[in-house]
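Just so we're aligned, residue 35 is where the sequence shown starts under this note's numbering, counting upward by one.
Accompanying notes for the structure given below.
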Amino acid sequence: MRVSELIDFLRQQPGDSEVELAIVSPVEDEEDDITVDRYVIDGVLPWTDTDDESDESIAIWLVGGDDADVDAFLDAIEQTAVDDGGTPTA
């Protein structure tokens, strides 16, 4: 999904709606049953993938998960950005 598509969709929603991240995955490999984990979006950040050969390989990450895990992740990303003097990279 492109940022412009997401913005267009969000403009059609009530401004006070909660945005969640839904992760859909199989319960077990080779099975038809699925599970859905729902998380509140705790952070949004641009991500530059250094493994991609394109110079325009920026993705926008919507970050959510268990509170302690998200806090640790965002702290690590923030520290990496400070250490590198720029956008976090993969």
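Backbone N, C-alpha and C fix where the C-beta goes; we use that ideal spot for every residue, glycine too.
Practice prompt. Express the C-alpha separation of D76 and V61 in angstroms, rounding to a whole number.
Written response: Numbered from its first residue, the sequence shown carries residue 61 at position 27. Numbered from its first residue, the sequence shown carries residue 76 at position 42. Looking at the two C-alpha atoms, the distance is approximately 25 Å.
Worksheet item: A56 bridges to which residues according to DSSP?
Response: Numbered from 1 along the sequence shown, position 22 holds the residue referred to as residue 56. A56 is bridged to R72.
Worksheet item: Distance, Cα to Cα, A124 vs W81?
Response: One-based indexing of the sequence shown puts residue 124 at position 90. One-based indexing of the sequence shown puts residue 81 at position 47. Unreliable positioning characterises A124 in this predicted model, as indicated by a pLDDT of 44, which lies under 50. The coordinate reading is nonetheless provided below. Each residue's alpha carbon lies about 7 Å from the other.
Worksheet item: What does DSSP give as the partner residues of I94 in its beta bridges?
Response: Residue numbering aside, residue 94 sits at position 60 when the sequence shown is read from its first letter. According to DSSP, I94 bridges with P80.
Discussion item. I believe V97 touches V78 by the beta-carbon criterion, under 8 Å. Please report the beta-carbon distance rounded to the nearest angstrom.
Written reply: Within the sequence shown, numbered from 1, the residue matching residue 97 stands at position 63. Within the sequence shown, numbered from 1, the residue matching residue 78 stands at position 44. Sure, about 7 Å apart at Cβ, within 8 Å.
Item to complete: Would you mind stating whether S91 and D83 have Cβ atoms separated by less than 8 Å?
Response: The sequence position of residue 91 within the sequence shown is 57, counting from 1. The sequence position of residue 83 within the sequence shown is 49, counting from 1. Result yes, Cβ atoms of S91 and D83 sit closer than 8 Å.
Worksheet item: Just how far apart, CA to CA, sit V58 and V70?
Response: On the sequence shown, residue 58 is found 24 positions in, with the first residue counted as 1. On the sequence shown, residue 70 is found 36 positions in, with the first residue counted as 1. Looking at the two C-alpha atoms, the distance is approximately 5 Å.
Fill in: Inter-residue Cα distance where the pair is V37 and S51
Numbered from its first residue, the sequence shown carries residue 37 at position 3. Numbered from its first residue, the sequence shown carries residue 51 at position 17. Answer to the nearest angstrom: the Cα atoms are 18 Å apart.
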